[in-house]
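What follows is a single structure, written as C-alpha cells, with notes after it.
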Amino acid sequence: MMKQMWSEAFPEIQSERVNLTEGDVVPKPAMSGVPVFGTGYSGQTMEWLAEHTDGWLFYPQDLQGQKKLVNQWRGATETFKPFAQPLAIDLSERPGEVAKPLPIGFRSGHNFLIDYLNAYQEAGVNHVMIALKQNKRPAEEVIQELGEYVVPKFPAIIESKYSFLNFK
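So this is what it looks like as C-alpha cells:
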C-alpha cells in the first residue's frame, strides 16, 4: 500500500483493512524504490511478508532463535531481502564490562558488543539498529566510541544484491 501511495497521486486502495478513496501522500519520496520492511509479523504470515516487503525487521531473540528466524526468512524469500533487528545498549566506559540484560538489549563494554554483533552477523542478521535511549553516558561520547572501536569491525557491504535501494 505504501509503495502505491508513494508512486501514485490519489490512489484508490481497497483491502481487508483499508478503504482509501480519497487522499494522497505529499511530498512523494525523492528517492525511487524506498525500501519497505515488515516489523514483526505485522499481522501477516512470513510468506506474505516475503512477497510484499523489501526486508524484515524482527525483535531481538537469543542467538539460536534469531538464527532460526533468519533461516526461515531466507527460505521464504526468492531473492535476497535483508533481515534487521533493533538493539538497545547502555555502553559502559569499561571496554571489558560483561553484559547485563536490558529490555531488548544489554549494558556492556564495547568488547562484548563486538562479539555480539559478530555472532548475529554470522547467524545471518544483516542490519542492527542500535538504540541509545537507555544509555547513561552522553550520546556524543557513545557515538564516538562506537565509531572508533565497533563500526570499523563491520565495513559496509555494497553489492548488486542491494540494488533495490537505488542509491544515487
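Per full-length UniProt numbering, the very first residue in the sequence shown carries number 1; after that it's consecutive.
Backbone N, C-alpha and C define an ideal beta-carbon position, used for all residues, glycine too.
Quick caveat, the model's predicted, so the values are computed rather than measured.
query, result
"Going by DSSP, what residues sit across from Arg17 in a beta bridge?", "Its beta-bridge partners do not exist; DSSP assigns none."
"Could you check what DSSP says for Ser7 in three-state terms: helix, strand or coil?", "helix"
"Buried or exposed: Ile89, going by 16 or more other Cβ atoms within 10 Å of its Cβ?", "buried"
"Can you give the Cα-Cα distance for Tyr116 and Val25, rounded to whole angstroms?", "39 Å"
"By Cβ distance below 8 Å, which residues in the same chain neighbour Lys100 in space, the five residues on each side in sequence not counted?", "Phe106, Arg107, Ser108"
"Under 8 Å, do Lys81 and Asp54 count as touching if we go by C-beta distance?", "yes"
"Among Asn118, Thr45, Glu47, whose alpha-carbon lies nearest the alpha-carbon of Val128?", "Asn118"
"Rounded to a whole number of angstroms, what is the C-alpha to C-alpha distance between Arg94 and Trp56?", "33 Å"
"Need the endpoints of the beta strand (DSSP E) that Phe112 sits in, please.", "Premise fails: Phe112 lies in the alpha helix (DSSP H), 110-122, not in any beta strand (DSSP E)."
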